[in-house]
Structure formats: C-alpha cells, structure tokens
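Enquirer: Numbered per the working numbering, the sequence shown spans residues 15 to 395.
Backbone N, C-alpha and C define an ideal beta-carbon position, used for all residues, glycine too.
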Amino acid sequence: MSKKHALLSPSSSKQWLKCPLSITLIKQFPPKEETSVFAAEGTSAHELGEMALLMGVDPNKYLGHKIGDFVVDEAMIEAVNIYVDYVVSLGGTYETEIKVKINDEVYGTCDTTVVCGNTLHVIDLKYGKGVEVFAENNTQAMIYALGALKKFDNTNITEVVCTIVQPRIFGDRIKTFNISAEDLINWGKQELETGCKKALDDSCLDFEIGEWCKFCKTKAHCQGMKDKTMEITRQDFASVINKKEIVLPNITTLSGTELGRIMEFADLVEGWFKAIKETATDKIHNGEPITGYKLVKGRNNRSWANKDKAEQIYSELLGKKAYETKFRSVAQIEKELKKSKEIIQDGLVNISCNPVMAKESDKRKAITSSAEIDFAEFIKK
Ligand code: SF4
Numbered sequence: 015m016s017k018k019h020a021l022l023s024p025s026s027s028k029q030w031l032k033c034p035l036s037i038t039l040i041k042q043f044p045p046k047e048e049t050s051v052f053a054a055e056g057t058s059a060h061e062l063g064e065m066a067l068l069m070g071v072d073p074n075k076y077l078g079h080k081i082g083d084f085v086v087d088e089a090m091i092e093a094v095n096i097y098v099d100y101v102v103s104l105g106g107t108y109e110t111e112i113k114v115k116i117n118d119e120v121y122g123t124c125d126t127t128v129v130c131g132n133t134l135h136v137i138d139l140k141y142g143k144g145v146e147v148f149a150e151n152n153t154q155a156m157i158y159a160l161g162a163l164k165k166f167d168n169t170n171i172t173e174v175v176c177t178i179v180q181p182r183i184f185g186d187r188i189k190t191f192n193i194s195a196e197d198l199i200n201w202g203k204q205e206l207e208t209g210c211k212k213a214l215d216d217s218c219l220d221f222e223i224g225e226w227c228k229f230c231k232t233k234a235h236c237q238g239m240k241d242k243t244m245e246i247t248r249q250d251f252a253s254v255i256n257k258k259e260i261v262l263p264n265i266t267t268l269s270g271t272e273l274g275r276i277m278e279f280a281d282l283v284e285g286w287f288k289a290i291k292e293t294a295t296d297k298i299h300n301g302e303p304i305t306g307y308k309l310v311k312g313r314n315n316r317s318w319a320n321k322d323k324a325e326q327i328y329s330e331l332l333g334k335k336a337y338e339t340k341f342r343s344v345a346q347i348e349k350e351l352k353k354s355k356e357i358i359q360d361g362l363v364n365i366s367c368n369p370v371m372a373k374e375s376d377k378r379k380a381i382t383s384s385a386e387i388d389f390a391e392f393i394k395k
C-alpha cells in the first residue's frame, strides 16, 4: 500500500458513496492534513486496547502513563476494558490492526477481527463520544469485513457480524449488524464497486446533501452546500434578508414545522460556517487579508518544561500535596472486585441522563416527556 491515507478511505465511505463529487473536489482543493487532540486520544486508546489484546497487559496498570501523545486516564481505561472484554467474550481467534485492501484506492486498518466457527466478527472501536455511530449498514465496517474476508480467504465463513464498540456514549455502547457473507460480497460487487467508479470519475457530478456533509473536508468548496444554505436562509429568514439591518426572527414564535425544518439542516449549516472560519483562518495565517479581521497573539498555556524534573523538585517540596488521588469509577471497582469474586453490594445508584433530542429515524424508543424518565422506575413496577 503505497499511500498512507486512501483517497477512498473506509472511514469516509458513507460520504463518497453518497456524494462522489466530494472526491473530485478533494482532488481539486486538497484539504490540509489535520490531527486533533481527540484523534490523539483515540489513537492512544486504540494502542492500549491492542496491547491488552495482543500482550495480555492489564489496562488498569497504565493509569497515568503516556501512550503516544496522551496520558492514560480513568475514562480511557474504562473504555478500553469494555472493548477488550467484548472481544475476549466472543471466544474465537482474534487478530488486531488488520490491514485490508479492496482495491488501490480503498484500503485501511481494521481494529479487530474474530473468527468463531463460520462467523467473522469485525469490531471497530470508536473512542469519540460526540457523534453516535450505528452498526447497521455501516459502510466502514462492511468494507473492513469485505477486506478481511478477502484476506483470510476462508470459504467456511458464511456469517459476518459488524460491531461498533463506542464505550463513552450514552445508550447502547455495543451495537452489532449481522449480514451473510454472500450478501456482503454482493454488496461489494454492486454498490461498493459502482460507488468507487463514480467517486473516481472526475466527470461525475452526482452529489447528495445529508448528515455525512458534517465531516466533509471540502464543504467550503461545495456549491450544493452553498445553495442549500441559501435556500434554508431564504425560506426561514426571508424577513431578515429583505431588511437592511439584521433582525433575527423570534425563535419562540417559530412553529414546530419551522423548527423541524431548520433543525434538519442546522448541523450542515453549522459545518459550512465552520469550514468558512477554517478557510479564513488558513488564509490570514498565510498572509492574505481578511476584511475586518487580524491575527493576534493567543493566550499562553502553562506547562512543565520537563515533567519528570518538576515532579522530583515539587514532590520533595510538597510531599503528598503535589499529587491528587481520585476514587475510581464504578466499572473499575467492579473489575477489581471481580478478581476476588466479589460484587458491588452497596452504594450504587442509577442516574438517569437528561433526555436528548434525536431524529425520528433513531432506533431508541421515543419518550413523551422528561417526567416519563423521572418516573420510569415506578412505571415498571
Ligand atoms: S458538503 Fe456534502 S454535498 Fe458537498 S461535497 Fe461534501 S459531501 Fe458532497
């Protein structure tokens, strides 16, 4: 595999399968390679998971240790334990960090595969908690599964289970999608192959706007997104546009239909404005003037120049006061107790999280009011 990042990466497959034009735009306006603190954190969690699965190390022992660019904290240990426990619980032969390749443009690395009899499990650890990832028809996991089927060349595999382990979200942290090997191979030959051809064809101008646009790296250059933003603005803020001075409508007077329509595209429009800000920031950093804006010095963050040396000096000076200790999470205490065959007997309470708004298509059951959550315990009885 010559290039580090695939042009048609499995992680962005939903986007390029729905919108082949995005690949043409990416080729025309290559986005800059970006890493974020969240990505670094995710990479460290993946590394810890891999160490636990391959070398049998106990993730709990890594608390406070640096893996990659990130210091392992309790949240990471809890998340990795959920992932590792799930993989091990399947009881098959597992492999981690499997390089898979569908063709010269579609390739990637699958977190874990487990073969149990005639079933292939493909498990993807999602450390992020901002956006819930679903397993059903998840094209990233399906591409990994196809690649793994091809790599293993195991004709005994008849069933495939694509699993998303997303330990830090509310709701289902482990979701699975079952598909027969035959159906998966047919999907690869039909939808995936056609999608690849269209995405690589610069004359194909097909595009579709949807939730995948949120992560599209070329939305600042997308005419469709610009038109959609204008359309929404015209429809819902016509009174604003026709005035010289900007007066936004009173939000409390918008109807349910109007709010629903605006909500439908709020993420997209937000994403488009974010892309505008990023583009303007890049330009101003490169010395191009942006009317009304300038570069100023950012706020300084203090940090230890040499953490080990600082620890030596200040632990001598302050003793225990130089450190903080925290009581461990429910999952960590539970794991420790398990070793001595004990269980949590006391002190546990289930805290209901606040209801969140979800799309009508979301699989979770709708609740009619937050009171339903408050009284759920009593209703069950
Ligand atoms: S913003 Fe959406 S419609 Fe525009 S190129 Fe990207 S994925 Fe396609």
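Taking the straight line between their C-alpha atoms, what separation do you get for Met-239 and Phe-221?
Expert: The straight-line gap from Cα to Cα measures roughly 10 Å.
Enquirer: Which of helix, strand or coil does DSSP assign to His-19?
Expert: Here His-19 sits in coil by DSSP.
Enquirer: For Trp-318, which residues from the same chain have a beta carbon less than 7 Å from its beta carbon, with the 5 sequence-adjacent residues on both sides left out?
Expert: Excluding positions up to five away in sequence, the list reads Ala-324.
Enquirer: For Leu-160, does the count of other Cβ atoms within 10 angstroms reach 16, so buried, or fall short, so exposed?
Expert: Buried is the call here.
Enquirer: Check whether the segment 171-185 touches the segment 133-150, taking contact to mean three or more Cβ pairs, one atom from each stretch, closer than 8 Å.
Expert: As far as the Cβ criterion goes, the segment 171-185 touches the segment 133-150, which means the pair count is three or higher.
Enquirer: Hey, could you find the ends of the alpha helix (DSSP H) Val-283 is sitting in?
Expert: First-last of the alpha helix (DSSP H) with Val-283: 270-299.
Enquirer: Check for me: the alpha helix (DSSP H) holding Gly-209 runs from which residue to which?
Expert: First-last of the alpha helix (DSSP H) with Gly-209: 207-214.
Enquirer: To which residues of the same chain is Asn-152 closer than 7 Å at the C-beta, ignoring the five residues directly before and after it?
Expert: Within the same chain, Asn-152 has close Cβ partners Cys-176, Ile-178, Phe-191.
Enquirer: How close, in whole Å, do the beta carbons of Gly-78 and Val-71 come, if the pair is a contact with beta carbons under 8 Å?
Expert: The pair is not a contact, with the Cβ atoms about 15 Å apart (cut-off 8 Å).
Enquirer: Decide if the segment 27-39 is in contact with the segment 206-219; the criterion is three or more beta carbon pairs, one per stretch, under 8 Å apart.
Expert: Counting Cβ pairs under 8 Å, three or more are found: they touch.
Enquirer: According to the neighbour-count rule (16 or more other Cβ atoms, all chains shown, within 10 Å of its Cβ), is Gly-270 buried or exposed?
Expert: Exposed, because fewer than 16 other Cβ atoms sit within 10 Å of the Cβ of Gly-270.
Enquirer: Just to be sure I understand the criterion: a residue counts if its Cβ is closer than 6 Å to at least one heavy atom of the ligand SF4. Which residues meet that?
Expert: Cβ-based neighbours of the ligand SF4 within the cut-off: Gln-29, Cys-33, Leu-35, Ser-36, Leu-39, Phe-221, Ile-223, Trp-226, Cys-227, Cys-230, Thr-232, Lys-233, Cys-236, Gly-238, Met-239.
Enquirer: Just the C-alpha distance for Pro-24 and Trp-226, rounded to the nearest angstrom, thanks.
Expert: Each residue's Cα considered, the two are about 13 Å apart.
Enquirer: Output needed for Leu-362: all residues of its chain with C-beta closer than 8 Å, excluding positions within five of it in sequence on either side, in chain order.
Expert: Closer than 8 Å at Cβ, skipping near neighbours: Val-344.
Enquirer: Within its chain, find whatever has a CB closer than 6 Å to the CB of Lys-340; leave out the 5 residues flanking it on each side and keep chain order.
Expert: Nothing listed; no residue qualifies.
Enquirer: Taking only runs that begin and end inside the segment 106-193, name each unbroken alpha helix (DSSP H) of 4 or more residues, in chain order.
Expert: Counting whole runs of 4 or more residues, the segment 106-193 contains the alpha helix (DSSP H) stretches 153-166.
Enquirer: Would you list the residues sitting across from Lys-203 in a DSSP beta bridge?
Expert: Partner(s): none; Lys-203 has no beta bridge.
Enquirer: Which value, in whole angstroms, describes the spacing of the CA atoms of Glu-302 and Phe-43?
Expert: Rounded to whole angstroms, Glu-302 to Phe-43 spans 17 Å at the Cα level.
Enquirer: How big is the Cα-Cα spacing for Trp-286 and Glu-292?
Expert: Taking the straight line from one Cα to the other gives about 10 Å.
Enquirer: Taking the alpha-carbon positions, what's the Leu-282 to Ser-194 distance?
Expert: Roughly 34 Å between the two C-alpha positions.
Enquirer: Based on Cα-Cα distance, which residue from His-235, Glu-119, His-299, Leu-268 lies nearest to Cys-210?
Expert: Ranking the options by Cα distance to Cys-210, first place goes to Glu-119.
Enquirer: Alpha carbon to alpha carbon, what distance is there between Ser-354 and Leu-198?
Expert: Spanning the two alpha carbons is a distance of roughly 44 Å.
Enquirer: Starting from Ile-30, trace the alpha helix (DSSP H) both ways and give me its first and last residue.
Expert: With the sequence shown as reference, residue 30 is identified as Trp, and Ile is not the correct amino acid for it. Trp-30 -> alpha helix (DSSP H) spans 27-32.
Enquirer: 9 Å is my cut-off, CB to CB: does Asp-281 come that close to chain C?
Expert: In the structure shown, chain C does not exist; there is a single protein chain.
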